[in-house]
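**Q**
2 protein chains.
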Amino acid sequence: MENRNLPELDVLFDLADLFKVFGDSTRLRIMCTISNEEMPVLAIAEALGMEQSTISHQLRVLRQNKLVRSRREGKQIYYTLDDDHVKKIIEMGIDHILE
Amino acid sequence: MENRNLPELDVLFDLADLFKVFGDSTRLRIMCTISNEEMPVLAIAEALGMEQSTISHQLRVLRQNKLVRSRREGKQIYYTLDDDHVKKIIEMGIDHILE
DNA sequence: TGAATATATGAATATCTGTTCATGTGATGA
DNA sequence: TCATCACATGAACAGATATTCATATATTCA
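Protein chains in written order, with our numbering: chain A, 1 to 99; chain B, 101 to 199.
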């Protein structure tokens, strides 16, 4: 936006949807938890002290928004962040809070 | 998070609150509209084709989160983004969408 | 094939959130 | 001081959303 034109309306709607995904503490905690290592669902649930079902539901949201990717290995499905972009968005937010 | 520890729990809650503010298209549109110039409330409302009341409510949310600041000049109150950090967060989101 | 384990999903519910309508507050100018 | 303009705010309502419970799906191993 610095020297760009205003974003198109539909881009702004997509953008709102993206930030909405970041705007939930459970999802943020999941993202931070798996940011440096792959983890299966139950391990995430235990790490956060939350139900497996809750985590699965939120992982689906994250998956649909391409913020995490998964890999099956036997009975378990390992999740991790999809790319470093995600980390950067979170870090930028933290910077704003801590400033 | 790159090489940091996991953010504290309370930081993550604050972070979720911050992203929640960005997760609404009306607020995003307001922020983009006033990103390069100060504007009074009615002008913003007209620019977006929305009611003055709606804009005022959302400006309050933005104010409370220190994303915009305001300045009274006579009967009008001019709003603009509080700092360039806000722009950067939005730009980072756009980059993610357009990638 | 059947039991056990890991994950996903659907339905239900309680809570939160954005918008609207009505009204309040503050500033200007006659 | 009164009318008008610009903005803020409270209440109410509709729509969205996160969690839970129950259950389904998929994989492994005996």
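Ideal placement from N, C-alpha and C gives every residue a C-beta, glycine not left out.
If you drop the 5 nearest sequence neighbours on each side, which residues of the same chain put their C-beta closer than 7 Å to that of T133 (chain B)?
**A** M139, I144, A147 and L148
**Q** What residues in the stretch 130 to 141 of chain B bring their beta carbon closer than 8 Å to a beta carbon of chain A?
**A** C132, T133, S135 and N136
**Q** In the DSSP assignment, what are the bridge partners of L181 (chain B)?
**A** B:V168
**Q** Give every residue of the same chain whose Cβ lies closer than 8 Å to the Cβ of L28 (chain A), excluding the five residues on either side of it in the sequence, and list them in chain order.
**A** F22 and I90
**Q** Any Cβ of chain A within less than 7 Å of the Cβ of D110 (chain B)?
**A** no
**Q** DSSP three-state label for M131 (chain B), please.
**A** helix
**Q** Taking Cβ positions only, does M150 (chain B) come closer than 7 Å to chain A?
**A** No, no contact with chain A.
**Q** Any beta carbon from chain A within less than 7 Å of H157 (chain B)'s own beta carbon?
**A** no
**Q** Would you kindly work out how many angstroms separate the C-alpha atoms of Y79 (chain A) and E51 (chain A), rounded to a whole number?
**A** Computed Cα separation, rounded: 16 Å.
**Q** If you draw a straight line from the C-alpha of F113 (chain B) to the C-alpha of R172 (chain B), how long is it?
**A** 33 Å
**Q** Since D124 (chain B) meets chain A, which of its residues come closer than 7 Å, beta carbon to beta carbon?
**A** At a C-beta separation below 7 Å, D124 (chain B) has these neighbours in chain A: A16.
**Q** Using the three-state DSSP reduction, which class does M50 (chain A) fall into: helix, strand or coil?
**A** coil
**Q** Which residues in chain A have a C-beta closer than 9 Å to the C-beta of L128 (chain B)? List them in chain order.
**A** Within chain A, the residues P7, L12, F13, L15, A16 and F19 have their CB atoms less than 9 Å from the CB of L128 (chain B), given in chain order.
**Q** Just to confirm my understanding: we take S156 (chain B), look at its own chain, exclude 5 residues before and 5 after, and list those with CB closer than 7 Å. What are they?
**A** In its chain, beyond the 5 residues on either side, V141 have a beta carbon closer than 7 Å to the beta carbon of S156 (chain B).
**Q** Please report how far the alpha carbon of L18 (chain A) lies from the alpha carbon of V186 (chain B), in whole angstroms.
**A** 16 Å
**Q** Between S35 (chain A) and I77 (chain A), what straight-line distance do the alpha-carbon atoms span, to the nearest angstrom?
**A** 16 Å
**Q** Per DSSP, what are the beta-bridge partners of Q176 (chain B) in this structure?
**A** B:E173
**Q** Compute the distance between the beta-carbons of D182 (chain B) and L167 (chain B), then report whether it is under 7 Å.
**A** Yes, Cβ-Cβ distance for D182 (chain B) and L167 (chain B) is below 7 Å.
**Q** Measuring alpha carbon to alpha carbon, tell me which of B:E137, B:H196, B:K120 and B:T154 ends up nearest L6 (chain A).
**A** B:E137
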